[in-house]
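This report refers to the structure that appears directly beneath it.
Residue numbers (the numbering used here): 812 to 1536.
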């Protein structure tokens, strides 16, 4: 299939206000031609020729269906308006068939619109335009001014005529038309009329004044002047005048207010910019000052103003350094200039607006308040120095007082054993233990501490029971040794040194023989060296039951209170005590590192051997545990926990191991922990931990550690109860 198009006219000339037709033929030829639809359209490549799109139409409309071998004539109609710009218009007729949709055939054509149509009236009218203008040399018109064009017209016909001038492309208030008919008057009178009346072979003038209003945008204007003859109303005479309105870039600025007193007034300024010209202005704001004490903040640094429009810029002053504000005396004065820099580079920037800022000093009450605050801070600092530097109270005090068990058998071999810890024993004269029955003292026992620990209470190196002197809360036998460098001699700093730690006396398993059975309480009283009669402090235990040897007991209870001489067991022994697989006793403090917002999961494992009926406790977990097992203990960073493993047989013999656990965050320096003496936990058959046992973790987010039961050598292993931290 083959599509052909033929047009015999390549360039066509037509007048404005006329209709022009262009014909071309398309044919469906070829050996394999089939019925096909042909699409055709008008193409324009330059923006100045886009008006052809509105002027043209096809007849018939696209598409056209052709049979094989059929010819079809297509008409392209142009309806050229009267105000069409003169010149040569280039366009292209393009077409394609649906059988070969990818191939497009184009035929370039031209349409010429002449500048003037004088030849149509050269036999009847002749006119000239003064001043003459062209598109290359338009008339330069200053903004706000006007220009008058004079049309000299000669009537060459043999009859009179009435000529009118029309300009439909401009608003009516942009131009003025004056008709002047010069008749043969003696005095040469010129009479204005609404039209130019010319007799045969007579001449006249029409004045066309172009006066665009103030603010008319700068640019080129080319209105078309149309002459209308009453003798030939169907014929038109057209001519174009070219006027270029020159740009006007005048700007007016106003700053409101010009002076601000800060902070008495709001530190805001409003800069009003008025565009008095006829071009759009794009400006950028800059602030310049010699002191640079203030920074100006605005919503936008650039503005765009249309002709005859106004824009406002709100600027807020912020002090760069507030400490520069004077406290007293004269205020600080600053001058700031606001420069409008043209981005479009049309004209020079306008004169900058100038603002003055007066920075007032602080009110007197602020200065007085700061002086009072400084004096108060100084007094508080002195009071803190006095509080932390004064000598501490060295009076003896009871730290802990409790029995080892709640139930005992009557007799000297089953004496009630008491544990206590006394702080600052240096000031102690004597210590008295009293047995209470319904609040009355029925039996007392006194020990003299005026010089040192009594010999009968002093503990031997191979025994756990007895009294020994320790520092702080750490047992003496496990206190670490620190190497210290000698400090320089600074007398002025001696009053700020931390006072030395005072010692404690810790007593474990001190016997008190009860002369009778029953329910008793025990009271510990301390007497100071300065007052031998009135105790300075006293503390009472919970009720302790002393059972008679002749009372009815179950076999289990009788076995629990068997005399030590009849016991055939052996002393308990801690075989293994590890933290995450490492020996817990290899060092006093084990440190573990974790990341931010994480907790360290410490696996505590133990294994204890001893006689049947062995009691094993793991503190700070409450209740008893199996002789062998392990648990997972979560600890959050920043906490130091002490874990104590205690094994006790029925005879009251026990063995204890304690270790400290410290958790730190890996990305910060590890804090150095001061040595803290630990007290040996007291034995108790009850599942409730003693009062001196370490407190459970305070964090409510830490999950409760669950024990992990492991096989035990006992014949009937049972799971240890879940410890509650």
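Glycine included, each C-beta is placed from N, C-alpha and C at the ideal position.
Pull up the distance between the alpha-carbon of residue 831 and that of residue 893, whole angstroms please.
As the crow flies, the alpha-carbon of residue 831 is around 13 angstroms from that of residue 893.
Between residue 1216 and residue 1472, what straight-line distance do the alpha-carbon atoms span, to the nearest angstrom?
29 angstroms
Could you spell out where the alpha helix (DSSP H) holding residue 1245 opens and where it closes?
Where residue 1245 is concerned, there is no enclosing alpha helix (DSSP H), although the beta strand (DSSP E) it sits in stretches over 1239-1248.
Determine, using beta carbons only, whether residue 1409 and residue 1209 come nearer to each other than 8 angstroms.
no
Candidates 958, 1282, 1232 and 1445: closest to residue 1276 by CA position
Residue nearest to residue 1276 within the set 958, 1282, 1232 and 1445 is 1232 (criterion: CA-CA distance).
What distance in whole Å lies between the Cβ atoms of residue 1229 and residue 1321, which are believed to be in contact at a cut-off of 8 angstroms?
5 angstroms
Using CA atoms only, rank isn't needed, just tell me which of 1420, 1405, 1254 and 972 is closest to residue 1382.
1420
Secondary structure, alpha helix (DSSP H): runs of 4+ residues fully inside the stretch 821-905
Those alpha helix (DSSP H) runs which fall completely within the stretch 821-905 and span 4+ residues are 862-866.
Mind pulling the alpha helix (DSSP H) runs of 4 or more residues that sit fully within the stretch 1059-1131?
none
DSSP has residue 989 in a bridge; who is on the other side?
1018
With distances taken from CA atoms, which of 1271, 852, 1167 and 864 is nearest residue 916?
Per the Cα distances, 852.
Simplified DSSP assignment, three categories, for residue 1329
strand
Touch check for the stretch 1141-1153 and the stretch 1161-1178: three-plus C-beta pairs under 8 angstroms?
Yes: the two stretches touch, three or more of their Cβ pairs being nearer than 8 angstroms.
Boundaries (first-last residue) of the beta strand (DSSP E) holding residue 1257:
1251-1259
If we call anything under 8 angstroms between Cβ atoms a contact, is residue 1427 one with residue 1435?
yes
Answer with buried or exposed for residue 1005, where buried requires no fewer than 16 other C-beta atoms within 10 angstroms of its C-beta.
exposed
List the endpoints of the continuous alpha helix (DSSP H) containing residue 1277.
That residue, residue 1277, is in no alpha helix (DSSP H); its beta strand (DSSP E) goes 1277-1282.
How about residue 1026: is its C-beta nearer than 8 angstroms to some C-beta of chain C?
Going by chain labels, chain C is absent from the structure shown, which holds only one protein chain.
So, for residue 1386: in the same chain, excluding its five sequence neighbours on each side, which residues have a beta-carbon less than 6 angstroms away from its beta-carbon?
Result list for residue 1386: 1418 and 1420, in chain order.
Proximity of residue 954 and residue 1056 at Cβ, strictly below 8 angstroms
yes
Residue closest to residue 1342, alpha-carbon to alpha-carbon, out of 1314, 1317, 1405 and 1242
Of 1314, 1317, 1405 and 1242, the residue nearest in Cα terms is 1242.
Distance cut-off 7 angstroms: residue 1430 Cβ against heavy atoms of the ligand GTP:
Although the ligand GTP was asked about, the structure shown includes no ligands whatsoever.
Run of the beta strand (DSSP E) containing residue 1009, from where it starts to where it stops:
1007-1009 is the extent of the beta strand (DSSP E) around residue 1009.
Would you tell me roughly how many angstroms separate the C-alpha atoms of residue 873 and residue 885, rounded to the nearest one?
Straight-line spacing of the CA atoms in residue 873 and residue 885 works out to 9 angstroms.
Taking a contact to mean a Cβ-Cβ separation below 8 angstroms, would you say residue 1113 touches residue 1073 in this structure?
Not in contact: residue 1113 and residue 1073 (Cβ atoms no closer than 8 angstroms).
Look up residue 1143 in the DSSP assignment and give the residues it is bridged to.
1170
Look at the alpha carbon of residue 1368 and the alpha carbon of residue 1227, and state the distance between them as a whole number of angstroms.
In this prediction, residue 1368 has a pLDDT of 42, which is less than 50 and means its spatial position is unreliable; what the coordinates show is noted afterwards. C-alpha separation (whole angstroms): 17 angstroms.
Using C-beta distances below 7 angstroms, list every residue in its chain close to residue 1011, excluding the 5 sequence neighbours before and after it, in chain order.
966, 968, 969, 970 and 971
Which class does residue 1337 belong to by DSSP, given the choice of helix, strand or coil?
strand
Can residue 1106 and residue 1083 be called in contact, C-beta distance under 8 angstroms?
no
In chain order, what residues of the same chain lie with their CB nearer than 6 angstroms to the CB of residue 1058, ignoring the 5 residues before and after it?
When the five nearest sequence neighbours on each side are left out, the beta carbons in the same chain lying within less than 6 angstroms of the beta carbon of residue 1058 are those of 1029 and 1090, in order along the chain.
According to the neighbour-count rule (16 or more other Cβ atoms, all chains shown, within 10 Å of its Cβ), is residue 1260 buried or exposed?
By the neighbour-count rule (16 or more Cβ atoms within 10 Å), residue 1260 is buried.
Burial state of residue 919 (16 or more Cβ within 10 Å)
exposed
How many Å lie between residue 855 and residue 906 at the Cα?
Taking the straight line from one Cα to the other gives about 14 angstroms.
Jot down the residue ranges of each uninterrupted beta strand (DSSP E) in the stretch 1375-1444, minimum 3 residues, whole runs only, in chain order.
1384-1390, 1400-1405, 1411-1420 and 1426-1430
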